[in-house]
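To start, the structure under review is shown below, and the notes come after it.
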Amino acid sequence: MTVAPVFFRRLLGRGTAKKGLTFGQKVADGLAALIGSWRFIIAQTIILAAWVALNAFGFAHFDMYPFILLNLFLSFQAAYATPILLMSQNRQAEIDRSTLNEDLETDRAEATDILAIKAALAEILLRLPPKE
9 MTVAPVFFRR LLGRGTAKKG LTFGQKVADG LAALIGSWRF IIAQTIILAA
59 WVALNAFGFA HFDMYPFILL NLFLSFQAAY ATPILLMSQN RQAEIDRSTL
109 NEDLETDRAE ATDILAIKAA LAEILLRLPP KE
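Numbers 9 to 140, taken from the working numbering, label the letters of the sequence shown in order.
Structure follows, in structure tokens:
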């Protein structure tokens, strides 16, 4: 098994509770999970440190100081990562709103049930004989 299929399975969230999502939503959620992980931050830090070390002190001088090519790559990453993260965040906000609306309806139904129980208890108290 190669690394690429495993990466894409994780990225698309196979085997998770993402059954009703479109391909784009799965990719956005997978990338958001990847970019927001410590593994990604550590890997990117190592890559950036290696890039700077190779170009500043090493034998490969393909991107001399001030590292214009590195800046270009990081700009591309930011330009693509930001909208993808926002798509995932907006979808999660929709899920949160839906959950809150369901909770509100449940709370309202429970409030009417509590009022009915209080009325029944008040009626029971009225039927009890007075204490002597």
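The C-beta atom is built at its ideal place from N, Cα and C for all residues, glycine as well.
Practice problem: Along the alpha helix (DSSP H) that carries Glu-131, what are the first and last residues, could you check? | Solution: 76-135
Quiz item: Can we say the region 45-62 touches the region 89-101, given the rule of at least three CB pairs closer than 8 Å?
Solution: no
Quiz item: Under the three-state reduction of DSSP, which class applies to Gly-32: helix, strand or coil?
Solution: Looking at Gly-32 - three-state DSSP - the assignment turns out to be helix.
Quiz prompt | Per-residue DSSP class, three states only, for Phe-48 | solution = helix
Quiz item: Could you give the distance in angstroms between the alpha-carbon of Pro-6 and the alpha-carbon of Ala-130?
Solution: Because the chain here runs from 9 to 140, residue 6 falls outside it and cannot be looked at.
Quiz item: From Ala-41, Gly-66, Ile-76 and Leu-77, pick the residue whose C-alpha is nearest to that of Ala-89; which is it?
Solution: Ala-89 has its Cα closest to that of Ala-41, out of Ala-41, Gly-66, Ile-76 and Leu-77.
Practice problem: Could you tell me the distance, in whole angstroms, from the CA atom of Val-11 to the CA atom of Gln-33? | Solution: Legend: pLDDT at Val-11 = 49, less than 50; position of this residue unreliable, value from coordinates given subsequently. The straight-line gap from Cα to Cα measures roughly 22 Å.
Quiz item: When you compare only the Cα positions, how much space is there between Asp-115 and Leu-123?
Solution: 12 Å
Practice problem: From the DSSP output, in three-state form, read off Asp-37 for me. | Solution: helix
Quiz item: What is the rounded straight-line gap between the Cα of Leu-134 and the Cα of Ala-117?
Solution: 26 Å
Exercise. Report the three-state DSSP secondary structure of Ala-64 (helix, strand or coil).
Key: helix
Practice problem: Compute the Euclidean distance between the alpha carbons of Ala-86 and Val-35, then round it to the nearest angstrom. | Solution: For Ala-86 and Val-35, the distance between alpha carbons rounds to 17 Å.
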